[in-house]
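Chemist:
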Amino acid sequence: MSTAALARLERYTACDVSDALLKLKVPGAGFIADLSPYSTKPGKEAESPTVAPVSTVLFAAKGEAPAEPAPNVPKDGHWSDATQPGTFVVMRQPPGQTNAICGGIMALRIKMRRAKGIIVAGRVRDVQELKRTDLPILARGVSTVGSGGGSVPWATQVPLDIDGVVVSPGDVALHDPANGVVIIPRDKLDQVLEMLPGLVAADDRVKQDVLKGMSVHDAFKLHRGT
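Residue numbers (our numbering): 72 to 297.
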């Protein structure tokens, strides 16, 4: 994935990207809901989007064996040691659990492996340690209990279904601190990049006409064709 493509995406908000994905009929418009920040980038960087290819980690409930995918986490290694540099690490925890699947040690190792950020569809812990990583880290909640309390790492680099949004290795994550996280399927990236300038320009024209007193209905019809 080219550096130029990622840099182009940084000019846009997560809302802009979801508008494009909605037109492309991507389920959920790529939005991962109900995430809260538990760490962020330092200084002015905290205001800018973080854009990076996705790597994934799937957790299973302790004592259960999902029918698919096949497990691939080595028994003699730790999943965090295999973090792919330059990626946004996306993890999924079984629903309903109250333990965390990522804490301070894992986040530190992920940082040392030069990842760009962490997204947890589940719980985290050691919040003060997460903050010290200076990585964007988002999750759906916190816990005092480590992953051994209920979860086991099951597979890495596999598709994750997060409330209907499919997140696959090699997709692109855009974290916009003001608006949230959106996942762009890799096979839609070129279309999204092609659509974004026109969509944003149309919205800018809508806003200008609304400021002049035009109704939203008429402005949408004129500039959006809806």
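Using N, Cα and C, we set each Cβ at its ideal position, and we do this for glycine too.
Everything numeric in this text was worked out from a predicted model, so none of it was measured.
Rounded C-beta distance between D234 and A132? I'm assuming under 8 Å.
Modeler: Within the sequence shown, the letter at position 163 stands for residue 234. Within the sequence shown, the letter at position 61 stands for residue 132. Going by Cβ atoms, the distance from D234 to A132 rounds to 18 Å, so no, they are not a contact pair.
Chemist: Within 10 angstroms of the Cβ of S126, are there 16 or more other Cβ atoms? Answer buried if so, exposed if not.
Modeler: Numbered from 1 along the sequence shown, position 55 holds the residue referred to as residue 126. Flag for S126 reads buried.
Chemist: Got a sec, what are the start and stop residues for the alpha helix (DSSP H) S89 sits in?
Modeler: For the purposes of this step, residue 89 is identified with residue 18 of the sequence shown, where counting begins at 1. It spans A85 to K94 - the alpha helix (DSSP H) in which S89 sits, taken as one unbroken run.
Chemist: Going by DSSP, what residues sit across from H246 in a beta bridge?
Modeler: As a working note, residue 246 is residue 175 in the sequence shown. Beta-bridge pairing links H246 to T121 and V252.
Chemist: Taking Cβ to Cβ, would you say Q155 is nearer than 9 Å to A186?
Modeler: Residue 155 sits at position 84 when you count from the first residue of the sequence shown. Residue 186 sits at position 115 when you count from the first residue of the sequence shown. Yes. Within cutoff.
Chemist: Which first and last residues belong to the alpha helix (DSSP H) in which R196 is found?
Modeler: To locate residue 196, count along the sequence shown from 1; it is residue 125. Segment: none, R196 is in no alpha helix (DSSP H) and carries neither H nor E.
Chemist: Sorted by chain position, which residues of the same chain lie with C-beta nearer than 6 Å to I208's C-beta, five sequence neighbours on each side aside?
Modeler: On the sequence shown, position 137 is the one that residue 208 refers to. Excluding positions up to five away in sequence, the list reads Y109, S110, I189 and L201.
Chemist: Where do the ends of the alpha helix (DSSP H) carrying A186 lie?
Modeler: Within the sequence shown, the letter at position 115 stands for residue 186. No alpha helix (DSSP H) contains A186, which DSSP labels as neither H nor E.
Chemist: Output the residue ranges of the beta strand (DSSP E) runs that lie fully inside the stretch 141–168 and measure 3 residues or longer, sorted by chain position.
Modeler: Segments of the beta strand (DSSP E) lying fully in the stretch 141–168: 159–163.
Chemist: Taking just the CA atoms, how far does V287 sit from V281?
Modeler: If you number the sequence shown from 1, residue 281 lands on position 210. If you number the sequence shown from 1, residue 287 lands on position 216. Their backbone Cα atoms lie some 6 Å apart in a straight line.
Chemist: Please state the DSSP three-state secondary structure of G212.
Modeler: Indexing the sequence shown from 1 puts residue 212 at position 141. Reduced to three states, the DSSP call for G212 is strand.
Chemist: Looking at chain B, is there any beta carbon in it that lies within less than 9 Å of the beta carbon of S214?
Modeler: This model lacks chain B altogether, as it is built from one protein chain only.
Chemist: Rounded to a whole number of angstroms, what is the C-alpha to C-alpha distance between C86 and I181?
Modeler: Sequence index remark: in the sequence shown, residue 86 carries index 15 (1-based). Sequence index remark: in the sequence shown, residue 181 carries index 110 (1-based). Spanning the two alpha carbons is a distance of roughly 28 Å.
Chemist: Indicate whether F130 and G193 have their beta-carbon atoms separated by less than 9 Å.
Modeler: On the sequence shown, position 59 is the one that residue 130 refers to. On the sequence shown, position 122 is the one that residue 193 refers to. Closer than 9 Å, so yes.
Chemist: Rounded to whole angstroms, what is the Cα-Cα separation between L206 and L260?
Modeler: For the purposes of this step, residue 206 is taken as residue 135 along the sequence shown, with counting starting at 1. For the purposes of this step, residue 260 is taken as residue 189 along the sequence shown, with counting starting at 1. L206 and L260: Cα-Cα distance of roughly 24 Å.
Chemist: Would you mind giving the Cβ-Cβ distance between A91 and P142, rounded to the nearest angstrom? I have them listed as a contact below 8 Å.
Modeler: As a working mapping, residue 91 is identified with position 20 in the sequence shown. As a working mapping, residue 142 is identified with position 71 in the sequence shown. Not confirmed; about 36 Å, so no contact.
Chemist: Helix or strand or just coil, what does DSSP make of A226?
Modeler: Within the sequence shown, numbered from 1, the residue matching residue 226 stands at position 155. Note: A226 maps to strand in three-state DSSP.
Chemist: How long is the line joining the alpha carbons of L67 and D147, rounded to whole angstroms?
Modeler: Nothing can be reported for residue 67: it is not among the residues displayed for the chain, which extend from 72 to 297.
Chemist: What residue range is occupied by the uninterrupted alpha helix (DSSP H) comprising P268?
Modeler: Position 197 of the sequence shown, counting from 1, holds the residue named residue 268. L260 to L282 is the extent of the alpha helix (DSSP H) around P268.
Chemist: Would you mind sorting Q199 into buried or exposed? The rule is 16 or more other CB atoms within 10 Å of its CB.
Modeler: Within the sequence shown, the letter at position 128 stands for residue 199. When all chains shown are included, Q199 counts as exposed.
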